[in-house]
Amino acid sequence: MSVADGARPKRRLLPRVAPLASWVHVDVILLAATAALTLCGIALIYSATRGIDPAAFSRFHLERQALFAVVGALLGTVAAVVDYRRLRPLVWPLYGITLLALALVLTPLGSVRQGARAWFVFGGYQVQPSEFAKLAIIVVLAHYAARCGGRMSLRQFLTALVLVAGPALLILAEPDAGTAVVFAIIAMGVLLVAGAQVRHILLATALGLIGLGFVLSSDLVQEYQRERIESIVNPGGDPGDTFNLEQAQIAIGNGGLTGQGYGQGTQTRSGLVPAQETDFIFTVLGEELGFLGSVVILGLLAVLLWRIWRSARVAGDLFGSLLSTGVLCMILFQIFQTVGMAAGIMPVIGIPLPLLSYGGSSLLTTMMSLGIVLNVSMRRHLVRAT
């Protein structure tokens, strides 16, 4: 019976997994760039953690990162296979779980490391909920902004900011100012593409800076929290940050054009660069593989960004486009910040270099995000047909 005859049309169900036809459109270039960068990251972490005495070297970081890569590949495959539109009914439960996890980590259930209470510890594994919250806020913002239909009123824009402010403030309280900045970058990028007015975004940025100044001048944060947050706007004010930057620049300068050789970096082997397997992983690259090696890795990162941008451009619907846009903003800023920090042109804040820095939470989040990007580009023809 047709709709004209009075029967209610059947609601078309979304496929649970990708139909075989959609795999024809899988982005092989994105897959190859992701695999190459992940393998390079494992190699750099191995070199960064060998130390000056290879005989006493522990394979802890190497084996953990390899395990994270395997698990991340599996989770990324799931994210690519299950239709991304099935995320939409799960948005608000996901948002609630994210807020709950970020709140609980501030309690004695959370573990303190380097002055920040930002991790849960399960059987020797550290889980950082703020990393997973990046992907959660991308999904939440994309869902909400897509419902606005491509143009956002001031009320809708303010509502979106409130959605971001909740988890961002909890992360700032850890304190993890770097990840809070990533949230702001994601929000600006997604909302701009979603149709928010530029003047609204500029006004929100100004108000955010004023609010940050108020928080720093009040009793709402402890002294050690204030120092970590202030390091963003005044990186030279902390002697520790100055030392880190000096050692990082020495390491990169040692590399010259072709580098000192893999595993042969003097600064790297001496352990003079703090957090060289995480935040300052780029210094290991610069010292051991030199300018040419750095250009190759930056080229791979550029290819990764290009394919994410392409996914956002060719997406079959606004929700998919905004998902890829959020991932693009997240990864682009983290690359710019970590490379700039190692070069001494950006402040010292704890942000990992995607796919290259050591850290399970970061690697899993990045691979799941890239799985969603693959999902969006694979289904572009199917989504347009529905």
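According to my numbering, the residues represented by the sequence shown are 704 to 1089, in order.
Heads up, the beta-carbon is just placed ideally off N, CA and C, and yes, glycines get one too.
Just list the residues that DSSP pairs residue i with in beta bridges.
i, result
"R820", "V815"
"Y828", "F825"
"V987", "DSSP output for V987 lists no bridge partner at all."
Pick out whichever of the options has its Cα sitting closest to the Cα of residue i.
i, options, result
"G818", "E990, D879, Y965, L995", "D879"
"G799", "I889, I840, T981", "I840"
"L910", "N957, L861, V1079", "L861"
"L864", "G852, I874, I889, E877", "I889"
"L742", "L765, I732, V729", "L765"
"L1003", "T801, A804, Q859, L1035", "L1035"
"L838", "R850, R858, T810, V867", "V867"
"G989", "A978, M1033, A1045", "A1045"
"S856", "I904, T882, E834, V815", "I904"
"M1081", "G775, V774, T780, A951", "T780"
"M1071", "V729, D730, V774", "V774"
"V784", "D982, H728, A804", "H728"
"L873", "A804, M1033, G852, R789", "A804"
"V885", "V999, L895, S833, I1000", "S833"
"A661", "L906, T882, A849, V842", "No information on residue 661 is available, as it lies outside the stretch 704 to 1089 that the chain covers here."
"L1001", "R1016, F1039, M1033, P811", "F1039"
Count the other C-beta atoms from every protein chain shown that fall within 10 angstroms of the C-beta of residue i, then say buried if there are 16 or more, exposed otherwise.
i, result
"G916", "exposed"
"A836", "buried"
"P796", "exposed"
"Y847", "buried"
"Y828", "exposed"
"V808", "buried"
"F763", "exposed"
"T1069", "buried"
"V1030", "buried"
"R902", "exposed"
"A876", "buried"
"L1077", "buried"
"G892", "buried"
"P792", "exposed"
"P973", "Note on residue identity: the sequence assigns Ser, not Pro, to residue 973. Exposed."
"I913", "exposed"
"T1041", "buried"
"G968", "buried"
"R854", "exposed"
"P870", "buried"
"G962", "buried"
"L894", "buried"
"V998", "exposed"
"R1010", "buried"
"T882", "buried"
"V842", "buried"
"L790", "buried"
"L906", "exposed"
"G956", "exposed"
"V824", "exposed"
Give me, in chain order, the residues of the same chain whose beta-carbon lies closer than 8 Å to that of residue i; leave out the 5 immediate sequence neighbours on both sides.
i, result
"Y965", "A746, S750, E991, L992"
"G826", "none"
"L777", "none"
"A739", "L1003"
"A769", "I745"
"T971", "S750, A751, A954, Q979, T986, V987, E990, E991"
"Y787", "F1022, G1023, L1026, I1075, N1078, V1079, R1082"
"L734", "L1077"
"L802", "G869, P870, L873"
Between which residues of its own chain and residue i is the CB-CB distance below 7 Å, once the five residues before and five after are set aside?
i, result
"K713", "For K713, the predicted model reports a pLDDT of 48, less than 50, meaning its position is unreliable and no value from the coordinates is stated."
"G1043", "M1049"
"L960", "G993, F994, L995"
"A1018", "S1024, S1027, V1079, R1083"
"F771", "G1063, L1066, L1067"
"V1006", "I732, A736"
"R816", "W822"
"Q859", "C851"
Between residue i and the rest of its own chain, which residues show a CB-CB distance below 6 Å, the 5 nearest in sequence each way excluded?
i, result
"Q1153", "An answer regarding residue 1153 cannot be provided, because it is not within the stretch 704 to 1089 covered by the chain."
"T737", "L1073"
"I984", "L747, L1056, L1059, S1060"
"T752", "H764, E980"
"G813", "R820"
"L948", "G1047"
Within 8 Å of any Cβ in chain D, is that where the Cβ of residue i sits?
i, result
"A907", "The chain inventory of the structure shown lacks chain D, comprising one protein chain alone."
Taking 7 Å as the cut-off, is the beta-carbon of residue i closer than that to any non-hydrogen atom of the ligand FMN?
i, result
"L742", "Among the ligands in the structure shown, none appear at all, so the ligand FMN cannot be discussed."
Next on the checklist: For a minimum of 4 consecutive residues, which ranges assigned as the alpha helix (DSSP H) are wholly contained in the region 852 to 903?
Outcome noted: 857 to 875, 880 to 896
Checklist entry - In the region 953 to 986, which residue ranges form an unbroken alpha helix (DSSP H) of at least 4 residues, counting only runs that do not cross its ends? => result 969 to 973
Next on the checklist: Report the start-end ranges of each alpha helix (DSSP H) in the region 1029 to 1089 that is 4 residues or longer and not cut off at the edges.
Outcome noted: 1063 to 1081, 1083 to 1088
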